[in-house]
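*Asks:* Starting off with a structure, shown below.
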Amino acid sequence: MSRESTIDNVRTSLPIAKTHWPLVFLTLGACAAFLLFPYDLGFMTRILIMMVFVISFDLILGYAGIATLGHAAMYGCGAYAAGLFAVHISPDPLLGLASGAAMGALIAFVSGLLLMRAHGLSLLMLSIAVTMVLQEIASKARDVTGGADGLTGISMGPILGVFEFDFIGKTAYWYAFCALFVILALLRILVASPFGLALRGIKDSSSRMRAIGTPVYWRKVTAYVIAGAIAGIAGALSAQITSLVSVEVFNFALSAEVMVMLVLGGSGRLYGALIGTLVFMTVHHVAASIDPFNWLFAIGFMVLGIVFFLPDGLISLPKRIRRMIGAVR
Amino acid sequence: MTIALSILVDGVAYGMILFMISVGLSVTMGLMRIVNLAHGGFALLGGAFAHVLTVWYSVPFIAALAISVTAVTFLAIPLERLVYRRIYRFGELEQVLATIGIVFVVIAGVNLFLGSTLLPIRMPPEVSSPVDIGFKVLPLHRIIVILAGLAVVAALYLLVEQTRFGIYLRAAVDNQDTAASLGINTSKVYLAAFALGAALAAIGGILGAELLPIEAYYPLRYMVLFLIVVAVGGLGSIVGSFLAALSLGILDTAGRYLLPDMGTIFFFLAITALLAVRPNGLLVKPS
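Rendered as structure tokens:
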């Protein structure tokens, strides 16, 4: 059997390459949400942006098995890049997204050269340290970034020269949706490619992958750069849609929440990231509006519940229930 | 010269606080091989108890310290038995998440009962009075902190090097399966180490309240700092934690004194460089 056909065999045996249901569900869900909650478009747009961010983290954590606590670094750089691009160069949204992606990829490459050599605790610490350094730079470089007051004065031109951003946020909603749709579609192709398979192999056993000749380090750096570009796009979307970038884009809490959202949904499946983001953001939103002071209880207990009772995330719930029913019979 | 002395004294006092809070974390992380992000929670709880006792009920500081540390220790014991015991068996990622969840619950708990404002601890007025030590005038607080830190180091050294428990502990850190097969009750060693670490964190939290103010988000705000001490010192190494805490305390203080604008950047860049060269900590060479 030739190498190509082996890969094809493996690829078709993977569950993700077979169906297009995730993309269909995403589209139907976005349309339904748009019709059902016309007054919550701002919040739903935030969910879509976070989904972009969380699927980028799935590529490195869920597929390549790289656990970091500094994914906000790329998000923040993307946000600042897009914000500064809009203020100083051009109000075109798509060019702004490209600048965010480029900045996210660049910072991921520079930091990834160092981070991808580390493991375990030192990897977690190093990724946090990188984000901290960036946050300090952003808050100290007041002339460029606006410091603690945030970067303001971002105004957006129409998308493709046609679709103006409106006050209700309809354009922003569909803009974020299209970005998410395209990125999800591309990532689904990427994770089913030989490169995606190599990442899974590295996650399961990096020493065996090295033994069969995979350049493990460079594969990880590449994955980190791709994830960084997507995280940069997420940051750019948020900068463009909210017209504001604050130093909080580098907050540790953001990196931690991304990890929580991914594991909540279930990692290594892409659509698990979407489910986790939706559930987390909704619980967060509802809990914070019921009790603005003690909503952290809800988040804390939700995280503990998932880790202790549903370690494979919400996407493993149907299988769990089926097994339970089977056990009762 | 005065600046150098100020940096040294403040840095050493700061380092002692970091050491007291982090050493328990280092031992538990080295012993149980877990990534525990919730350790700062014990320092917060100690500080919160001390705040309630000294400010609400006007309990004298020393008594409040003793009661708070005891209370935290007795909270840590059931927590280890019921929750952490299960976390030991998790993968690294699940450990990170589970302990983040615990941090959130602790923060929300303190926030519920005491609010999100600063929680000051009332100390006897003499503590903030200046003391002349010959070449420099210092607040008494710094001297107390440094002496307390030295006392903790000495006590830990004796405990680990001279007692049977210390032998069990070192054996379990080196290889828990072998230790267990030699008849050491590793489960009890875990519990004792965990409770001891929590008690030390509570002491550090209370004594260090002047430098690291107690408030609900304390465990999240300083988590990185404590973890960095452990990562730089090397997991499970008491000497390593001590050296790391002192040098990080001095480094951070020096950065704040000499480069007020760039202090934090300088600090984290130094940490990054160090961890890049020595991923397993100061004292352990990369394998």
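Residue numbers (our numbering), protein chains in the order written: chain D, 5 to 333; chain E, 122 to 408. Built from N, CA and C at the ideal position, the CB exists for glycine as well. Here the structure is a predicted model, which is why all the values come from computation and not from measurement.
Alpha carbon to alpha carbon, what distance is there between Ala134(E) and Ile386(E)?
*Replies:* Here residue 386(E) corresponds to residue number 265 of the second sequence, with the count starting at 1. Here residue 134(E) corresponds to residue number 13 of the second sequence, with the count starting at 1. In a straight line, the C-alpha of Ile386(E) is about 22 Å away from that of Ala134(E).
*Asks:* Which residues in the same chain have their Cβ closer than 8 Å to the Cβ of Ser143(D), if we skip the five residues on either side of it in sequence?
*Replies:* In the first sequence, the residue the question calls residue 143(D) occupies position 139. Correct list, in chain order: Thr149, Gly151, Ala152 and Val251.
*Asks:* Tell me, please, whether the CB atom of Phe225(E) is closer than 8 Å to any CB atom in chain D?
*Replies:* Here residue 225(E) is taken as the residue at index 104 of the second sequence, counted from 1. For Phe225(E), the answer is yes, since a Cβ of chain D falls inside 8 Å of its Cβ.
*Asks:* So, does the segment 181–192 of chain E touch the segment 340–356 of chain E, judging by three or more C-beta pairs under 8 Å?
*Replies:* Contact between the segment 181–192 of chain E and the segment 340–356 of chain E is absent, because fewer than three Cβ pairs lie under 8 Å.
*Asks:* Going along the chain, which residues of the segment 122–151 of chain D sit with their C-beta nearer than 8 Å to a C-beta in chain E?
*Replies:* Within the segment 122–151 of chain D, the qualifying residues are Ala122, His123, Gly124, Leu125, Ser126, Leu128, Met129, Leu130, Ile132, Ala133, Val134, Met136, Val137, Glu140, Ile141 and Lys144.
*Asks:* Starting from the beta carbon of Glu411(E), find every residue of chain D whose beta carbon is closer than 9 Å, and list them in chain order.
*Replies:* Past the boundaries of the shown model lies residue 411(E); chain E is included only from 122 to 408, so the question cannot be answered.
*Asks:* Only counting runs of 3 or more residues, tell me where the beta strand (DSSP E) segments fall wholly within the segment 212–294 of chain E, in order along the chain.
*Replies:* Counting only runs of 3 or more, we get 251–253 and 258–260.
*Asks:* Can you give me the start and stop residues for the alpha helix (DSSP H) that His289(D) sits inside?
*Replies:* In the first sequence, counting from the first residue as 1, residue 289(D) sits at position 285. Note, His289(D): alpha helix (DSSP H), Tyr275 to Ile294.
*Asks:* Express the C-alpha separation of Gly276(D) and Phe38(D) in angstroms, rounding to a whole number.
*Replies:* As a first step, residue 38(D) is located in the first sequence; it is residue number 34 there, counting from the start. As a first step, residue 276(D) is located in the first sequence; it is residue number 272 there, counting from the start. Using only the alpha carbons, I get a separation of about 21 Å.
*Asks:* Taking buried to mean at least 16 other C-beta atoms within 10 Å of its own C-beta, is Ala122(D) buried or exposed?
*Replies:* Looking up residue 122(D) in the first sequence gives position 118. It is buried - the Cβ of Ala122(D) has at least 16 other Cβ atoms within 10 Å.
*Asks:* Quick one: grab the DSSP three-state call for Phe171(D).
*Replies:* Translated into the one-based positions of the first sequence, residue 171(D) becomes position 167. Coil.
*Asks:* May I ask you to report which of helix, strand or coil DSSP gives Leu128(D)?
*Replies:* Stepping through the first sequence from its first residue, residue 128(D) is reached at position 124. The answer is helix: DSSP assigns Leu128(D) an H, G or I state.
*Asks:* Give the DSSP-derived three-state secondary structure of Pro407(E) in the structure shown.
*Replies:* Along the second sequence, read from residue 1 onward, the residue named residue 407(E) stands at position 286. Bear in mind that the predicted position of Pro407(E) carries a pLDDT of just 49, short of 50, making it too unreliable to give a figure here.
*Asks:* Starting from Ile138(E), find everything on chain D with Cβ-Cβ shorter than 7 Å and list it in chain order.
*Replies:* Taking the first residue of the second sequence as 1, we reach residue 138(E) at position 17. Ordered by position in chain D, no residue passes the 7 Å Cβ test against Ile138(E), which lies about 20 Å from the chain.
*Asks:* Please report the straight-line C-alpha distance between Gly222(E) and Met263(D), rounded to a whole angstrom.
*Replies:* Mapped onto the second sequence, residue 222(E) falls at position 101. Mapped onto the first sequence, residue 263(D) falls at position 259. When rounded, the distance between both Cα atoms is 12 Å.
*Asks:* So with CB distances below 9 Å, who are the chain E contacts of Ile4(D)?
*Replies:* Outside the modelled stretch of chain D, which goes from 5 to 333, sits residue 4(D), for which no answer is possible.
*Asks:* Using only the alpha-carbon positions, how far apart do Glu201(E) and Gly318(E) sit?
*Replies:* By 1-based counting over the second sequence, the position of residue 201(E) is 80. By 1-based counting over the second sequence, the position of residue 318(E) is 197. Spanning the two alpha carbons is a distance of roughly 12 Å.
*Asks:* Is the distance from the Cβ of Gly151(E) to the Cβ of Val294(E) below 8 Å?
*Replies:* Position 30 of the second sequence holds residue 151(E). Position 173 of the second sequence holds residue 294(E). Their beta carbons are under 8 Å apart, which means Gly151(E) touches Val294(E) by this criterion.
*Asks:* Assuming contact is defined by CB atoms lying nearer than 8 Å, are Val290(D) and Leu268(D) in contact in what I supplied?
*Replies:* Mapped onto the first sequence, residue 290(D) falls at position 286. Mapped onto the first sequence, residue 268(D) falls at position 264. Going by C-beta atoms, Val290(D) is not nearer than 8 Å to Leu268(D).
*Asks:* Would you verify that the beta carbon of Asp373(E) is, or is not, closer than 8 Å to some beta carbon of chain D?
*Replies:* Your numbering for residue 373(E) matches position 252 in the second sequence. For Asp373(E), the answer is no, since every Cβ of chain D falls outside 8 Å of its Cβ.
*Asks:* Leaving out five residues before and five after Gln297(E) in sequence, what residues of the same chain have Cβ atoms less than 6 Å from its Cβ?
*Replies:* As a working mapping, residue 297(E) is identified with position 176 in the second sequence. Cβ neighbours of Gln297(E) beyond the five flanking positions: Thr307.
*Asks:* According to the Cβ coordinates, are Leu158(E) and Val217(E) closer than 8 Å?
*Replies:* Here residue 158(E) refers to the residue found at position 37 when the second sequence is read from its first residue. Here residue 217(E) refers to the residue found at position 96 when the second sequence is read from its first residue. Contact flag set, yes.
*Asks:* His262(E): buried (16+ other C-beta within 10 angstroms of its C-beta) or exposed?
*Replies:* Stepping through the second sequence from its first residue, residue 262(E) is reached at position 141. Result: buried.
*Asks:* Rounded to whole angstroms, what is the Cα-Cα separation between Gly236(E) and Ser127(E)?
*Replies:* Against the second sequence, residue 236(E) aligns to sequence position 115. Against the second sequence, residue 127(E) aligns to sequence position 6. Between Gly236(E) and Ser127(E), the C-alpha separation is close to 35 Å.
*Asks:* Taking the DSSP output, what are the residues bridged to Ile163(D)?
*Replies:* Stepping through the first sequence from its first residue, residue 163(D) is reached at position 159. Phe167(D).
*Asks:* Rounded to whole angstroms, what is the Cα-Cα separation between Thr281(D) and Leu279(E)?
*Replies:* By one-based count along the first sequence, residue 281(D) stands at place 277. By one-based count along the second sequence, residue 279(E) stands at place 158. Distance between the alpha carbons of Thr281(D) and Leu279(E) is about 50 Å.
*Asks:* From this set, Tyr79(D), Asp147(D) and Asp170(D), which residue's C-alpha is nearest Thr135(D)'s C-alpha?
*Replies:* The residue labelled residue 135(D) in the question sits at position 131 within the first sequence. Nearest C-alpha to Thr135(D): Tyr79(D).
*Asks:* Any chance the segment 170–184 of chain D sits against the segment 192–206 of chain D, with 3 or more Cβ pairs inside 8 Å?
*Replies:* Flag = no, the segment 170–184 of chain D and the segment 192–206 of chain D do not touch.
*Asks:* Counting only Cβ-Cβ distances shorter than 8 Å, please list the residues of the segment 149–171 of chain E near chain D, keeping chain order.
*Replies:* Going along the segment 149–171 of chain E in chain order, one finds Met150 and Val156 with a Cβ nearer than 8 Å to chain D.
*Asks:* Give the DSSP bridge partners of Leu155(D), in chain order.
*Replies:* Along the first sequence, read from residue 1 onward, the residue named residue 155(D) stands at position 151. According to DSSP, which records beta bridges pairwise, Leu155(D) is partnered with Val249(D).
*Asks:* Under the three-state reduction of DSSP, which class applies to Glu336(E): helix, strand or coil?
*Replies:* Taking the first residue of the second sequence as position 1, residue 336(E) is located at position 215. Looking at Glu336(E) - three-state DSSP - the assignment turns out to be coil, as it is neither helix nor strand.
*Asks:* For the pair the segment 219–229 of chain D and the segment 61–73 of chain D, tell me if three or more CB-CB distances fall below 8 Å.
*Replies:* As far as the Cβ criterion goes, the segment 219–229 of chain D touches the segment 61–73 of chain D, which means the pair count is three or higher.
*Asks:* By Cβ distance, which residues of its chain are closer than 6 Å to Phe113(D), with the 5 residues on each side in sequence left out?
*Replies:* Your numbering for residue 113(D) matches position 109 in the first sequence. So the list reads Val229, once near-sequence residues are dropped.
*Asks:* When you compare each of Phe389(E), Ile349(E) and Gly329(E) to Ile242(E) by their alpha carbons, which one comes out closest?
*Replies:* Counting from 1 along the second sequence, the entry for residue 242(E) is found at position 121. When only C-alpha atoms are compared, the closest one is Gly329(E).
*Asks:* Looking at Ala235(D): is its Cβ nearer than 8 Å to the Cβ of Gly108(D)?
*Replies:* By one-based count along the first sequence, residue 235(D) stands at place 231. By one-based count along the first sequence, residue 108(D) stands at place 104. Taking 8 Å as the Cβ cut-off, Ala235(D) and Gly108(D) qualify as a contacting pair.
*Asks:* Given that Leu303(D) touches chain E, what residues does it touch there, using C-beta distances under 7 Å?
*Replies:* Indexing the first sequence from 1 puts residue 303(D) at position 299. Note that residue 303(D) is Ile in the sequence shown, not Leu. In chain order: Phe225.
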